[in-house]
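Protein chains in written order, with our numbering: chain A, 141 to 376; chain B, 141 to 376.
Note that the Cβ used here is the ideal one computed from N, Cα and C, for glycine as well.
Have a look at the structure below, then the notes.
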DNA sequence: ATCAAATTCAAACGAGTGTTTGAATCATAT
DNA sequence: ATATGATTCAAACACTCGTTTGAATTTGAT
């Protein structure tokens, strides 16, 4: 129980950072493949080539390990999202921002993480896609805290960008966009089984390059769609 | 090990159907709240008020129980989807069907299940939304088998309905639509935490009545969006 | 009433879980 | 070289997991 309370190594990188990183990398991969409950500490430490007790020593518990796996990526992602939105708002100088720019800043920034292996690459992208529907209470709470500020800023930007669309409608469509995106990245192989595509597999392979423009046009098409007409239920 | 091999009670309803149904209902709710690995047999049998061994006796294993939880709903759902598509194709008499009708037949039929408690209601809807991103291998395989025929028929219908859209594009957009839908139904409360809405909660409550038209316009907006222009990467 | 099958039950099984312990090893600064 | 703290390690802890067992009970047909 020596120093497990220390949140992060203070400044310089000790050799034990190795162990931490190896554990985080192994956990990221295994969580993606097997889920949180389907991944045991022994699987993680085995894949990382470290002792079983290392996780509890460095992170405290499995729960805290899960949080750290996300935090090391999400902190960067959401700061980047805020930075870009700041930039856009500065350029716009008070005027509304084009919806396509807002959507790209939020979802494009996420998708583009897949190209950078040092940011977790496709593995982390799949993991986060799956985790959005995670039932576990503490994960939902953690995500809520990690996302609250960003989502709120983007919501406000969309309200301003689409003044003719009711706010409730925008929130719902934001919700839908999140779903389409999560699914697209989580299920690159999950649903390939289901759909079997019926198109040349070569065309499915190069998916990630073309995924972003494809997703983008879909999201924007949905975001800018005509407003729904609520039909009153027949009689009642 | 008396008769555990019997797939289903032959014809008439015995009193033990009670036990089966109680288990399935309890499992459906608990899986929705806690996930598959987060729900133990003891939780299920406890909630159902039956003996611990009852699950293994009636279903063989936890894995088979999970499959049965889905099968009793999905069989109806996908038959209904096929039936409606048959109807639409008969009416169309060889001509393409309007995309909105196809989309409503597939996704609307799912959403409308929520209104019928005897079909599982909102609980099953949330469960299926979450399960689409499930990592577990046997669940993916099971879903693939259960969905293959339906998805293929609907894909063909969409190809015909949108002759100007490349097939690969349609498959992707079908994928996106699945994601938006799954998310919308799975996360009715999951993301409410994240977004906190910023709109009158009363307006969020009546969500399910208006969810379908809202989702519908979003999906159709995305499905019919302009085609993406693939920009070649800068230099390379 | 009798018999055979279906179902329920309490108890236990072996395996796997996350976590803890205390000694051994390593690194670093004096 | 020595002392101090950080880290690693093998072993064990208490617990939960899904499943199995074999006897008790219930059910339904004769």
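In this structure, residue 177(A) sits away from residue 286(B), with a CB-CB distance that is not shorter than 7 angstroms. Residue 172(B) sits close to residue 266(B), with the two beta carbons spaced by under 7 angstroms. In the three-state reduction of the DSSP assignment, residue 240(A) falls in the helix class, which pools H, G and I. In the structure shown, residue 302(A) adopts coil according to DSSP, grouped into three states. Contact between residue 363(A) and residue 313(A) holds: their C-beta atoms lie close to 5 angstroms from each other, under 8 angstroms. Within chain B, 272, 273, 315, 316, 318, 319, 320, 322 and 323 have C-beta atoms less than 8 angstroms from the C-beta of residue 323(A), given in sequence order. Put simply, the CB of residue 357(B) is near chain A, with a gap under 7 angstroms to one of its CB atoms. Under the Cβ criterion of 7 angstroms, residue 303(B) is not counted among the residues facing chain A. Residue 180(B) counts as exposed, since fewer than 16 other beta carbons sit within 10 angstroms of its beta carbon. Annotation: the region 173 to 216 of chain B contains the following complete segments of the alpha helix (DSSP H) (minimum length 4 residues), in chain order: 181 to 188 and 194 to 199. For residue 205(A) and residue 214(B), the gap between their C-alpha atoms comes out near 36 angstroms.
The three-state reading of DSSP puts residue 276(B) in coil, since its state is none of H, G, I, E or B. Annotation: the continuous alpha helix (DSSP H) that includes residue 311(B) extends over 307 to 326. In the DSSP annotation of this structure, the continuous segment of the alpha helix (DSSP H) that includes residue 264(B) starts and ends at 261 to 271.
Among the CB atoms of chain A, one or more fall inside 7 angstroms of the CB of residue 178(B). Exclusion of the five residues before and after residue 159(A) leaves 188, 190, 194 and 198 as the residues of its chain whose Cβ lies within less than 8 angstroms of its Cβ. For the pair residue 304(A) and residue 317(B), the Cα-to-Cα distance works out to about 24 angstroms. Inclusion of residue 228(A) and residue 217(A) in the CB contact set at 7 angstroms is not warranted, their separation being larger than that value.
For residue 359(B), the CB contacts under 8 angstroms within the same chain, skipping 5 residues up- and downstream, are 243, 247, 317, 320 and 321 in chain order. At a cut-off of 7 angstroms between beta-carbon atoms, residue 370(A) makes contact with chain B.
Look at residue 235(A) here: in three-state DSSP terms it is coil, with no helix or strand label. Secondary structure at residue 296(B): helix, using DSSP grouped into helix, strand and coil. By the 16-neighbour rule on beta-carbons within 10 angstroms, residue 273(A) is buried.
Of the other Cβ atoms in all chains shown, 16 or more fall within 10 Å of the Cβ of residue 291(B); this residue is therefore buried. It is roughly 21 angstroms from the alpha-carbon of residue 309(A) to the alpha-carbon of residue 235(A). Linking residue 185(B) to residue 192(B) through their CA atoms gives a straight-line distance of about 5 angstroms. Note that the C-beta distance between residue 357(A) and residue 239(B) is not below 7 angstroms. Within the same chain, Cβ atoms closer than 6 angstroms to the Cβ of residue 259(B) are found at 253, the five residues on either side in sequence being excluded. Just measuring C-alpha positions, the residue of 167(B), 370(B), 365(B) and 161(B) sitting nearest residue 203(B) is 167(B). Within chain B, the residues whose beta carbon sits less than 8 angstroms from that of residue 353(A) are 368, 369, 370 and 371, listed in sequence order. Membership of residue 367(B) in any alpha helix (DSSP H) is not indicated, and neither H nor E is assigned to it by DSSP. Counting every other CB atom within 10 Å of its CB across the protein chains shown gives residue 326(B) a total of 16 or more, marking it as buried. With distances taken between CA atoms, residue 277(B) lies nearest to 175(A) out of 182(A), 245(A) and 175(A). Pairing residue 365(B) with residue 163(B), the inter-Cα distance amounts to about 45 angstroms.
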